[in-house]
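Visitor: Take this structure, written in structure tokens, and hold onto it; I'll ask about it next.
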Amino acid sequence: MEISAPATASEPKSPSSPSSRRSRSLKVLILATLAATLFACLYIKYNPNAQEAAAEKALLTPTKPTKEPTKEPTKEPSKPSNPITTHTKGYTLISTLPHSRDSFTQGLFYSSTNRLIESCGLYGKSSIREIDINTGDVIKNNVIEEKYFAEGVVEGKNNQFIMLTWKESTGLLVDSSDLTVTSKFGYRTHTSEGWGITNLGDDYVVSDGSAWLFVWDGVTMEEKRRFKVRMSDGKYVRFLNELEFYKGDILANIWYSDIIIRIDVETGIVKTIYDFKSLWPSHERSSLADCFNGIAVLDDDVLMVTGKLWPKMYKVKLDD
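Just so you know, we're using the numbering used here here: the sequence shown kicks off at 9 and counts up by one.
What follows is the structure, given as structure tokens:
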């Protein structure tokens with residue numbers, strides 16, 4: 009007897025291949041990524057708090073430009089922008105003096121014994137010198153160790169001058185009589201750099217190229233407090249360089265700007281901006297001249313100012 013084969017159900021579909029599963033997974037991943045990106049963009053666009061957070065992050069992120077020239081020191085091709093949007097005051101030119109063209113001026117001050125002291129930077133060329141205030145001649149010059157890039161300088165205690173270094177986080181104590189380095193000390197700043205230094209009563213105020221100023225104890229050289237410099241509208245002013253104490257406030261050069269700002273030491277607010285663009289207009293400067301830097305207070309109203317590798321120093325009176 010013939011036995012017929014039993015009826016069978018339709019054959020099930022074979023499972024998908026591994027390659028097709030991977031393809032679907034990749035598509036899902038791409039779509040999920042696009043959706044997340046779109047959501048983030050819409051969130052920032054329509055959420056005021058997110059916008060403010062993003063703007064604040066951009067404002068407070070420090071820019072650390074290279075301070076040492078890679079070749080012969082020249083004017084930088086691009087100059088840092090700073091949020092300076094207030095009224096300015098000027099100055100009155102009293103006289104000019106010759107200035108050594110090899111002086112990469114980092115600091116300048118007039119001592120209590122009526123000596124004009126200047127610190128000069130660059131690795132292998134750093135020095136501290138005394139300048140004849142009547143002729144501009146270099147009276148005395150002491151070269152610093154090649155491993156140090158000299159920065160700002162100020163009169164210290166016990167017949168010493170205090171000089172900062174750029175990236176070495178090292179302060180140099182200099183004998184005021186012969187300008188030799190007698191000892192060293194370490195320090196820390198926001199950028200781990202030293203730029204400018206000046207007196208504040210028995211203490212010192214230090215800049216590091218950011219918007220911060222640091223108050224150091226006059227004996228221990230330890231930080232007592234710090235504050236940010238800002239305009240009256242709250243915008244921070246970065247690239248604070250050479251500093252000088254003036255009538256209870258702090259004067260500061262802004263790196264690669266032909267201005268000097270006057271800072272309230274209690275609030276950090278810029279009280280006045282002094283415009284020096286006409287002192288030696290940038291279009292008249294030689295290719296070897298660097299930026300405006302160096303402030304020495306000669307008396308209550310008269311300053312001596314100059315620049316890095318500038319051929320002249322200028323005695324001026326601020327228009328207060």
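All C-beta atoms in this analysis are idealised placements derived from N, C-alpha and C, irrespective of residue type, glycine included.
Could you give the uninterrupted runs of the alpha helix (DSSP H) lying entirely in the region 218-278, keeping only those of 4 residues or more?
Guide: If we require 4 residues or more, the region 218-278 turns out to have no alpha helix (DSSP H) run fully inside it.
Visitor: Leaving out five residues on either side along the sequence, give the residues of the same chain with a beta carbon under 6 Å from the beta carbon of E76.
Guide: The sequence position of residue 76 within the sequence shown is 68, counting from 1. Because the pLDDT at E76 is just 46, under 50, the model does not fix this residue reliably, and the value given afterwards should be weighed accordingly. Within the same chain, E76 has no close Cβ partners at all.
Visitor: Spell out a yes or no on whether the region 219-236 and the region 131-140 are touching, meaning 3 or more CB-CB pairs, one atom from each, closer than 8 Å.
Guide: No, the region 219-236 does not touch the region 131-140.
Visitor: Taking the continuous beta strand (DSSP E) assigned at K97, which residues delimit it?
Guide: Your numbering for residue 97 matches position 89 in the sequence shown. First-last for K97: undefined, no H or E at that position.
Visitor: Figure out for me which residue from V151, A158, D266 and E176 has the closest Cα to the Cα of D186.
Guide: Your numbering for residue 186 matches position 178 in the sequence shown. For D186, the nearest C-alpha among the options comes from V151.
Visitor: Please report the distance separating the alpha-carbon of V213 from that of D257.
Guide: Translated into positions along the sequence shown, residue 213 becomes position 205. Translated into positions along the sequence shown, residue 257 becomes position 249. Straight-line Cα distance between these residues: approximately 11 Å.
Visitor: Distance, Cα to Cα, D216 vs T275?
Guide: Looking up residue 216 in the sequence shown gives position 208. Looking up residue 275 in the sequence shown gives position 267. Roughly 18 Å between the two C-alpha positions.
Visitor: Mind checking who A163 pairs with in its DSSP beta bridge?
Guide: Taking the first residue of the sequence shown as position 1, residue 163 is located at position 155. Looking at the sequence itself, residue 163 is Glu, so the reference to Ala does not match. Answer by DSSP bridge pairing, in chain order: F169.
Visitor: Measuring only the C-alpha atoms, how far is Y195 from V273?
Guide: Sequence index remark: in the sequence shown, residue 195 carries index 187 (1-based). Sequence index remark: in the sequence shown, residue 273 carries index 265 (1-based). Spanning the two alpha carbons is a distance of roughly 21 Å.
Visitor: Where DSSP assigns a beta bridge to A304, which residues make up the other side?
Guide: Within the sequence shown, the letter at position 296 stands for residue 304. According to DSSP, A304 bridges with M312.
Visitor: Need the endpoints of the beta strand (DSSP E) that N122 sits in, please.
Guide: For the purposes of this step, residue 122 is identified with residue 114 of the sequence shown, where counting begins at 1. Careful: N122 lies outside any beta strand (DSSP E) and carries neither H nor E.
Visitor: So D266 and L287 are in contact, right, with Cβ under 8 Å, and what is the actual spacing, rounded?
Guide: Mapped onto the sequence shown, residue 266 falls at position 258. Mapped onto the sequence shown, residue 287 falls at position 279. Confirmed, Cβ separation roughly 7 Å.
Visitor: Which residue's Cα is closest to the Cα of R365: R137, L317 and Y118?
Guide: The displayed coordinates of the chain run from 9 to 328. Any statement about residue 365 would go beyond what the structure contains.
Visitor: For I205, report the span of its beta strand (DSSP E) as first-last.
Guide: As a first step, residue 205 must be located in the sequence shown, where it is residue number 197. Note, I205: beta strand (DSSP E), I205 to L208.
Visitor: Could you spell out the range, first to last residue, of the beta strand (DSSP E) harbouring R137?
Guide: Counted from its first residue, the sequence shown places residue 137 at position 129. From DSSP, the beta strand (DSSP E) with R137 extends over S135 to I139.
Visitor: Given S191, which residues of its chain have a CB within under 6 Å of its CB, disregarding the five upstream and five downstream residues?
Guide: By one-based count along the sequence shown, residue 191 stands at place 183. Excluding sequence neighbours, S191 sits near L181.
Visitor: Return the chain-ordered list of same chain residues with a C-beta closer than 8 Å to the C-beta of N207, the five sequence neighbours on each side being excluded.
Guide: Sequence index remark: in the sequence shown, residue 207 carries index 199 (1-based). Contacts found: V162, E163, V213 and F253.
Visitor: Given a threshold of 16 other Cβ atoms within 10 Å of its Cβ, counted over all protein chains shown, does N142 qualify as buried or as exposed?
Guide: Counted from its first residue, the sequence shown places residue 142 at position 134. Under this definition N142 is an exposed residue.
Visitor: From what residue to what residue does the beta strand (DSSP E) around T197 run?
Guide: Stepping through the sequence shown from its first residue, residue 197 is reached at position 189. Looking at the DSSP string, T197 is not in any beta strand (DSSP E), and its letter there is neither H nor E.
Visitor: DSSP on I147, reduced to helix/strand/coil?
Guide: The residue you call residue 147 lines up with position 139 of the sequence shown. Strand.
Visitor: Return helix, strand or coil for I152, following the three-state DSSP convention.
Guide: For the purposes of this step, residue 152 is taken as residue 144 along the sequence shown, with counting starting at 1. It is coil, neither helix nor strand.
Visitor: According to DSSP, simplified to helix, strand and coil, what is E126?
Guide: Mapped onto the sequence shown, residue 126 falls at position 118. Of the three classes helix, strand and coil, the one that applies to E126 here is strand, per DSSP.
Visitor: Is the Cβ-Cβ distance between L248 and I303 less than 8 Å?
Guide: Taking the sequence shown and counting its residues from 1, the one referred to as residue 248 is at position 240. Taking the sequence shown and counting its residues from 1, the one referred to as residue 303 is at position 295. Not in contact: L248 and I303 (Cβ atoms no closer than 8 Å).
Visitor: Do you know how far the Cα of N122 is from the Cα of D183?
Guide: If you number the sequence shown from 1, residue 183 lands on position 175. If you number the sequence shown from 1, residue 122 lands on position 114. The alpha-carbon atoms of D183 and N122 are separated by roughly 16 Å.
Visitor: Where does the unbroken beta strand (DSSP E) through G179 begin, and where does it stop?
Guide: Taking the sequence shown and counting its residues from 1, the one referred to as residue 179 is at position 171. T178 to D183 is the extent of the beta strand (DSSP E) around G179.
Visitor: Can you tell which of L326, T314, V305 and K320 has its C-alpha closest to the C-alpha of S120?
Guide: The sequence position of residue 120 within the sequence shown is 112, counting from 1. If we check each option's Cα against that of S120, V305 comes out closest.
Visitor: For the candidate residues G129, I147 and S177, whose alpha-carbon lies nearest to that of T199?
Guide: The sequence position of residue 199 within the sequence shown is 191, counting from 1. When each option's Cα is compared against that of T199, the closest is S177.
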